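What follows is a single structure, written as structure tokens, with notes after it.
Residue numbers (my numbering): 1 to 341.
Okay, structure coming up:
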């Protein structure tokens, strides 16, 4: 039966020998971290609804709420262990005394320490997809991936991923152990990965997993100025693109999305996600975006976007946007691969 009739989304493979997953995953971070108050009951129902719709890749990290996000999704993961692929990450070091302060560690001892912690919090025997969350340029990537490969050999991790790396870094890592997925920000607003990371992923048979394909909600039109509209504990208030004059300028860039949405009778978010899903055809590699949501209605809207194909004219209208975006992705761009591209 076709996905159109069942309502379930199509699938894509992670890497050359990884699992088949829904062609859209679910970013779980906001369910317990970073985006203000959460309705825990609705968030849990969203996990279940996503699975019904064919979403099978669930993304978390050890630094989301100091492990709380892993604990939050753990009961769902264990209840559906044979149906879901759980991805978590290590590498960003948080300071409990100052949550805004962040560092990066990639040394072998830290890799193992983090993996053991994630396994315990998730309550599973193995992490399906284990990512290096950020690159510590002071540690050879061969050392980091070598330690990750040892976890695979021990059966504690099944497949490896990297986040926010350049094309050359991906090649160096892949030479140590096959990499199944690379996760970096990629959206109508953020396209620096197309310089080196995307071509390298295509060359090596690595699946690309775009995070923040909805521009952290900005591309849905749900807010215009983070400082004025979002709660005091929402970390988007610290991001240059979403505040002050940058926010005003960037809101104006949404007009082509609004025009397409009006003409088709769909939402802005669906336009942005359709663009992200179509990167697979444009660049010739598997692409599995992981939009984050904590509401069932939104996950239904998001997955429906996997069946929307934008025309050449619509894609052309969206093409110039990224080059006109005001402000960096983070206050400190060195925290991303953009500073090394």
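Ideal Cβ placement from N, Cα and C applies to all residues, glycine included. Nothing here was measured: the structure is a model prediction, and the numbers come from that model.
- With respect to the 7 Å criterion, residue 200 and residue 170 are classified as neighbours on the basis of their beta carbons.
- A Cβ-Cβ separation of about 27 Å leaves residue 320 out of contact with residue 27 under the 8 Å criterion.
- Assigned with DSSP and collapsed to three states, residue 101 falls in strand.
- Rounded to the nearest whole angstrom, the CA to CA distance from residue 93 to residue 138 is 15 Å.
- The three-state secondary structure of residue 254, taken from DSSP, is coil.
- In this structure, residue 133 lies away from residue 181, with their beta-carbon atoms at least 7 Å apart.
- Distance from residue 151 to residue 131 at the Cβ level is roughly 12 Å; contact not present, criterion being Cβ atoms closer than 8 Å.
- Of the candidates 115, 42, 166, 82, the residue whose Cα lies closest to the Cα of residue 157 is 115.
- Under the DSSP assignment, residue 182 falls in the beta strand (DSSP E) whose first and last residues are 181-185.
- Bounds of the alpha helix (DSSP H) holding residue 299 are 296-304.
- Cβ neighbours of residue 55 within its own chain (closer than 8 Å, five residues either side excluded): 9, 22, 24, 25, 26, 299, 303.
- Counting only unbroken stretches of 3 or more residues, the beta strand (DSSP E) elements lying wholly within the stretch 54-142 are 57-59, 85-90, 92-95, 98-104, 127-132, in sequence order.
- In the DSSP annotation of this structure, residue 12 is not part of any alpha helix (DSSP H); the continuous beta strand (DSSP E) holding it starts and ends at 11-13.
- Judged by beta-carbon spacing, residue 215 lies within the 7 Å limit of residue 187, meaning their Cβ atoms are closer than that value.
- Nearest C-alpha to residue 125 among 103, 74, 162: 74.
- Here residue 208 carries a strand assignment [DSSP, helix/strand/coil].
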